[in-house]
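Asker:
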Amino acid sequence: MIDVFFEIGKFLNDKGKIYLSMISKSMDMLKYKFMYIEKINIQEIIKLPYFDNFEYVKINKRTDNPPRNAKYVYFVSNGVLIPHFVTHLIFVHSFNEQLNGCIPSSVTHLKFGIDFNKRLENDIPRFVTHLIFGFRFNQSITGKIPASVTHLGFGYDFNQPIKNSIPSSVTSLCISLCFYQPIKDHIPPSVAHLETHGMFFQEGDYDLPAVTHYTYFGNGSIELLSHLPSVTHLVFDDNFNFLITTTLPSTITHITFGERYNQSIANIIPQSATHLRFGMHFDQALDEIPISVVQIQLCETYGLKISENIITKIVML
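Per our numbering, residue 50 is the first one in the sequence shown, and the count goes up by one each step.
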């Protein structure tokens with residue numbers, strides 16, 4: 050019977066596993082068999098007899114030793130002395146030192162803080178998959194990004210040439226307002242998820258046909274959409290509240306509006322749309338929703354009358 054409950058526990062979150070083990074004295078042994086996969090601060094578990102069963106821990110100092118079975122070790126560093134077992138590394142915002150190979154090869158997720166703006170040599174380990182640069186980073190990346198990276202993000206100040214610099218392994222790319230370098234044929238066709246910050250836009254004869262998911266951070270017109278002929282998923286950030294005056298592209302099926310959006314949607318939703326989501330401030334009429342839409346997510350703060358022909362499509366958040 051214990052084995053049956055052990056198998057059930059595999060479908061529970063960590064808290065659920067603990068609750069399950071508390072049902073009876075005989076069930077108590079389960080807490081020593083379960084593996085716990087949610088991130089937790091090492092100080093919360095350091096004295097537990099099943100300490101080694103935790104797979105994802107946050108350490109607070111270099112001298113902390115992770116559980117024996119830890120797969121992911123999260124560490125926030127203010128210097129270049131990094132434990133050799135760290136997998137998720139974040140540098141504090143004030144960090145701005147030359148790296149000089151300080152990042153261990155165990156790191157797969159790497160994020161720099163606001164101030165980092167040092168020249169890169171061969172400093173990014175070849176197993177890093179997620180690489181995010183901070184606000185002030187503006188250095189050459191030519192030959193600096195390993196082919197393991199799938200998620201790549203640049204901050205506000207970045208404005209360096211990217212020709213032959215973004216590996217074909219990258220599927221998700223984030224660029225920001227100050228970036229104004231040629232992008233035609235310089236963003237690899239592997240990039241399907243694109244995120245832009247601010248009023249980023251470049252005129253010219255180019256398309257990004259591989260991009261299917263576009264996230265816009267800003268509060269202005271979104272001309273870049275005209276260069277994304279295959280986009281299906283469009284997300285606006287929580288600050289977006291710009292009046293859209295033209296119908297969105299006919300390739301789009303999913304549209305997510307952020308928390309502050311509260312503008313008329315008359316004549317802007319394409320006939321291709323199937324899923325719409327609105328934030329807590331939205332309080333506009335839904336009379337002109339295309340019949341193609343099968344689900345509309347609204348917050349409970351929505352106060353207008355909903356017509357009978359779409360009421361079955363409404364999901365309250």
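Quick reminder that beta carbons are idealized off the backbone N, C-alpha and C, glycines included.
Buried or exposed: which applies to Gly269, given that a residue is buried once 16 or more other Cβ atoms fall within 10 Å of its Cβ?
Answerer: Its Cβ having fewer than 16 others within 10 Å, Gly269 is exposed.
Asker: Nearest to Asn149 by CA position, among Gly162, Phe134, Val53 and Ile173, is which residue?
Answerer: Nearest C-alpha to Asn149: Ile173.
Asker: What are the start and end residues of the beta strand (DSSP E) that includes Lys64?
Answerer: Counting along the chain, Lys64 falls outside any beta strand (DSSP E), though it belongs to the alpha helix (DSSP H) covering Asp63 to Ser70.
Asker: When DSSP labels each residue in this structure, what does Lys80 get in the three-state scheme?
Answerer: Three-state DSSP puts Lys80 in a helix.
Asker: Scan the stretch 170-240 and note each continuous beta strand (DSSP E) run of 3 residues or more that stays entirely inside, going in chain order.
Answerer: The qualifying runs are 179-181, 200-202 and 221-224.
Asker: Let me know the secondary structure DSSP gives Ser155 once reduced to three states.
Answerer: It is coil, neither helix nor strand.
Asker: Please work out which residues of its chain come closer than 6 Å, Cβ to Cβ, to Lys74, disregarding the five sequence neighbours upstream and downstream, and give them in chain order.
Answerer: None.
Asker: Counting C-beta neighbours from all protein chains within 10 Å, is the total for Tyr263 16 or more, i.e. buried, or is it exposed?
Answerer: Looking at its Cβ environment, which holds 16 or more other Cβ atoms inside 10 Å, Tyr263 is buried.
Asker: Just the C-alpha distance for Tyr310 and Ser275, rounded to the nearest angstrom, thanks.
Answerer: Spanning the two alpha carbons is a distance of roughly 22 Å.
Asker: Compare the C-alpha of Ile232 against each of Glu170, Ser143 and Leu273 and name the closest.
Answerer: Checked all of Glu170, Ser143 and Leu273; the closest Cα to Ile232 is Leu273.
Asker: Between Gly267 and Tyr99, what straight-line distance do the alpha-carbon atoms span, to the nearest angstrom?
Answerer: Those two C-alpha atoms are separated by around 47 Å.
Asker: What three-state label does DSSP hand Val280 in the structure shown?
Answerer: Residue state, collapsed to three classes: coil.
Asker: Would you check if the distance between the CB atom of Val129 and the CB atom of Cys151 is smaller than 7 Å?
Answerer: Their beta carbons are under 7 Å apart, which means Val129 touches Cys151 by this criterion.
Asker: Which value, in whole angstroms, describes the spacing of the CA atoms of Lys64 and Gln346?
Answerer: Lys64 and Gln346: Cα-Cα distance of roughly 29 Å.
Asker: Compute the distance between the beta-carbons of Pro258 and Ser279, then report whether it is under 7 Å.
Answerer: Contact: yes.
Asker: I need the straight-line Cα distance from Phe291 to Ile301, nearest angstrom please.
Answerer: Spanning the two alpha carbons is a distance of roughly 19 Å.
Asker: Please return the same chain residues whose Cβ sits closer than 8 Å to the Cβ of Thr261, not counting the five positions on each side in sequence.
Answerer: Correct list, in chain order: Ala241, His242, Ser279, Val280, Thr281 and His282.
Asker: Within the same chain, show all residues whose beta-carbon is closer than 7 Å to that of Asn288, passing over the 5 residues directly before and after it, in chain order.
Answerer: Same-chain partners within the cutoff: Asn268, Gly307 and Arg309.
Asker: Write down every uninterrupted run of the beta strand (DSSP E) in the stretch 296-327 whose length is 3 residues or greater and which is fully enclosed by it, in chain order.
Answerer: Listed in chain order, the complete beta strand (DSSP E) runs (minimum 3 residues) inside the stretch 296-327 are 303-305 and 324-326.
Asker: Within 10 angstroms of the Cβ of Asp77, are there 16 or more other Cβ atoms? Answer buried if so, exposed if not.
Answerer: When all chains shown are included, Asp77 counts as exposed.
Asker: Cα separation between Ile318 and Val156?
Answerer: So the two alpha carbons sit approximately 43 Å from each other.
Asker: To which residues does DSSP link Leu273 through a beta bridge?
Answerer: Leu273 pairs with nothing; no bridge assigned.
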